[in-house]
Amino acid sequence: MSTNKNATIRYQALDRCFRNPGRKYYIEDLIDACNDALLDVDPKSSGVKRRQVYEDIKFMQDSKGFDAPIESFKDGRKAFYRYTDLSFSINSQPLNEQEAQQLKESLLTLSRFKGMPQFDWVEELTARLEQTFNLKTDDNILSFEENPFLTGREYIGDIYNAIVSKKVLLITYKPFKTERELLFEIHPYHLKQYNNRWFLFGLNNEYGSITNLALDRIQEINESKTKYIANTKIDFSDYFDDVIGVSVDDAQEPQKVVLKADDDLLPYITSKPIHGSQKIKKDEDGTRIELKLQLNYELESTIFSFGEKIEVLEPEALRAAITNRIKVLNQKYSTCV
Numbered sequence: 001m002s003t004n005k006n007a008t009i010r011y012q013a014l015d016r017c018f019r020n021p022g023r024k025y026y027i028e029d030l031i032d033a034c035n036d037a038l039l040d041v042d043p044k045s046s047g048v049k050r051r052q053v054y055e056d057i058k059f060m061q062d063s064k065g066f067d068a069p070i071e072s073f074k075d076g077r078k079a080f081y082r083y084t085d086l087s088f089s090i091n092s093q094p095l096n097e098q099e100a101q102q103l104k105e106s107l108l109t110l111s112r113f114k115g116m117p118q119f120d121w122v123e124e125l126t127a128r129l130e131q132t133f134n135l136k137t138d139d140n141i142l143s144f145e146e147n148p149f150l151t152g153r154e155y156i157g158d159i160y161n162a163i164v165s166k167k168v169l170l171i172t173y174k175p176f177k178t179e180r181e182l183l184f185e186i187h188p189y190h191l192k193q194y195n196n197r198w199f200l201f202g203l204n205n206e207y208g209s210i211t212n213l214a215l216d217r218i219q220e221i222n223e224s225k226t227k228y229i230a231n232t233k234i235d236f237s238d239y240f241d242d243v244i245g246v247s248v249d250d251a252q253e254p255q256k257v258v259l260k261a262d263d264d265l266l267p268y269i270t271s272k273p274i275h276g277s278q279k280i281k282k283d284e285d286g287t288r289i290e291l292k293l294q295l296n297y298e299l300e301s302t303i304f305s306f307g308e309k310i311e312v313l314e315p316e317a318l319r320a321a322i323t324n325r326i327k328v329l330n331q332k333y334s335t336c337v
């Protein structure tokens, strides 16, 4: 669970305690309340310490936090905590400066959709936040790698809305390998960006399986009157775990892939792993990289991107595929030698 989410859960738990006039909450009680709230959301939570709760109280009291009227009241040798104004709640307060800044940072991430239909609200809301909280900055501090000239970006808004609204789409599609346009009826489930291209994943009515469509090959989108079939089988949070890219083969099991890398390539592969399953092993023969994933075109392209600094040792099918591509490449450049 993220640190920010943990903090929000703790603030809400403390707010409930401070608003309760029927009970005295000592520091131990506040710690217990925070831990109970965290465990409700995440049973694996490691909990919260006394020092953290004190820091939370200090933040809630601060004008940059919630400006909460929290007081400690002596009760013998101990002290309990309560709002002096029991009508106060952090949920009834306007955004504080930190929250506004965090929201703006999120909007900056969304701003990569600027210029797309249905996303004009991002620019409007950012401007309102800048005016209200004086968050304007003249520095362009965040950039994303993307191709603003990529076709198909204009469909993101319509597809996004169809996913949220659970609408079936009729998509006119033109694959690269044919001049003939195809018509697909798709129950849209997920949008994914890979290598600066956008892809739609959804149930194909004709095949009864998940179809992957590149947005830059879409020619037209219309809404279908067919009843939407909800996604009950695929968790897209881990759907791509066994692949590089977007080509998932449900019939293929992940395979062990062994690569041999030059020593000067190792720092780059260590800091930016080829795949989440990556393991690096060193022996007298050099550096070996082990992966466990499905074989697909994106894996081959990734290996090719390292040029002569990497070699496929196994499986043989992948080594043969790379060898064949090298032969074709060699034929094309043989006149240059």
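By full-length UniProt numbering, the letter at position 258 of the sequence shown is numbered 258, and the numbering carries on one by one without gaps.
Even for Gly, the Cβ is constructed at its ideal location relative to N, Cα and C.
This structure is a prediction, so every number in the text was calculated from the model and none was measured.
Legend entry - C-alpha gap between A317 and D36, whole angstroms: Rounded to whole angstroms, the gap between the alpha carbons of A317 and D36 is 53 Å.
Inset, instruction - Classify M1 as helix, strand or coil using the three-state DSSP reduction. - result: Annotation note: pLDDT 45 at M1 (below 50); position unreliable, coordinate value reported separately. Residue state, collapsed to three classes: coil.
Inset, instruction - On a CA-only basis, which of K64, E28, L39, S63 is nearest R51? Give me that one, please. - result: E28
Legend entry - Nearest-angstrom beta carbon gap, I70 and I90 [assumed within contact, 8 Å]: I90 to I70, Cβ: 11 Å. No contact.
Inset, instruction - Pull up the distance between the alpha-carbon of T8 and that of Y54, whole angstroms please. - result: The straight-line gap from Cα to Cα measures roughly 15 Å.
Legend entry - Alpha carbon of L183 to alpha carbon of S209, nearest angstrom: Distance between the alpha carbons of L183 and S209 is about 16 Å.
Inset, instruction - Under 8 Å by Cβ, that's how I've got F149 and Y83 pegged, so tell me the actual separation to the nearest angstrom. - result: About 55 Å; that fails the 8 Å criterion.
Legend entry - Cβ-based burial, Y207 [other Cβ within 10 Å; buried from 16]: exposed
Legend entry - S158, buried or exposed, once every other Cβ within 10 Å from all chains shown has been counted against 16: The sequence shown places Asp at residue 158, not Ser. So D158 counts as buried.
Inset, instruction - Count the other CB atoms, across all protein chains shown, that sit within 10 Å of the CB of F236; report buried if there are 16 or more and exposed otherwise. - result: exposed
Inset, instruction - Measure from the alpha carbon of F59 to the alpha carbon of each residue in D15, L213, K332, G47, then state which is nearest. - result: D15
Inset, instruction - Could you pull the start and end residues of the beta strand (DSSP E) that T287 belongs to? - result: Its beta strand (DSSP E) spans residues 286 to 293.
Inset, instruction - Please go through the same chain and pick out, in chain order, the residues whose beta-carbon is closer than 6 Å to the beta-carbon of D242, but skip the five residues on each side of it. - result: P254, L293, Q294
Legend entry - Local conformation of L200 per DSSP, three classes: strand
Legend entry - 7 Å Cβ shell around T151 - same chain, five flanking residues per side excluded: D216
Legend entry - Cβ pair I244, W198 closer than 8 Å: The answer is no: Cβ separation not under 8 Å.
Inset, instruction - Confirm, please, whether the CB-CB distance from L191 to L203 is below 8 Å. - result: no
Inset, instruction - Less than 8 Å between the CB atoms is what I'm expecting for K24 and D75, so what's the real figure, rounded? - result: 6 Å
Inset, instruction - Taking V257 as the reference, give the member of D263, P267, L299 with the closest Cα. - result: Of the candidates D263, P267, L299, the one whose C-alpha sits nearest the C-alpha of V257 is L299.
Legend entry - For D32, the three-state DSSP class (helix, strand or coil): Here D32 sits in helix by DSSP.
Legend entry - Identified DSSP bridge partners for Y194: R197
Inset, instruction - Flag this pair as yes or no: are the beta carbons of N231 and L170 separated by less than 8 Å? - result: no
Inset, instruction - Apply the 10 Å Cβ neighbour rule to A320 and answer buried if 16 or more other Cβ atoms are within range, or exposed otherwise. - result: exposed
Inset, instruction - Please state whether DSSP places A251 in a helix, a strand or coil. - result: Of the three classes helix, strand and coil, the one that applies to A251 here is coil, per DSSP.
Legend entry - I57 in three-state terms, based on DSSP: helix
Inset, instruction - Drop a sphere of 10 angstroms on the beta-carbon of N6, count the other beta-carbons inside from all chains shown, and report buried for 16 or more, exposed for fewer. - result: buried
Inset, instruction - Within the same chain, show all residues whose beta-carbon is closer than 7 Å to that of V312, passing over the 5 residues directly before and after it, in chain order. - result: Only L259, I303, L318, R319, I322 meet the Cβ criterion.
Legend entry - Simplified DSSP assignment, three categories, for R23: coil
Legend entry - Given K309 as reference, the closest of Y333, T270, L266, S334 once Cα atoms are compared: L266
Inset, instruction - Using the Cα positions of E181 and N4, report the straight-line distance between them to the nearest angstrom. - result: Put simply, the backbone Cα of E181 is about 47 Å away from that of N4.
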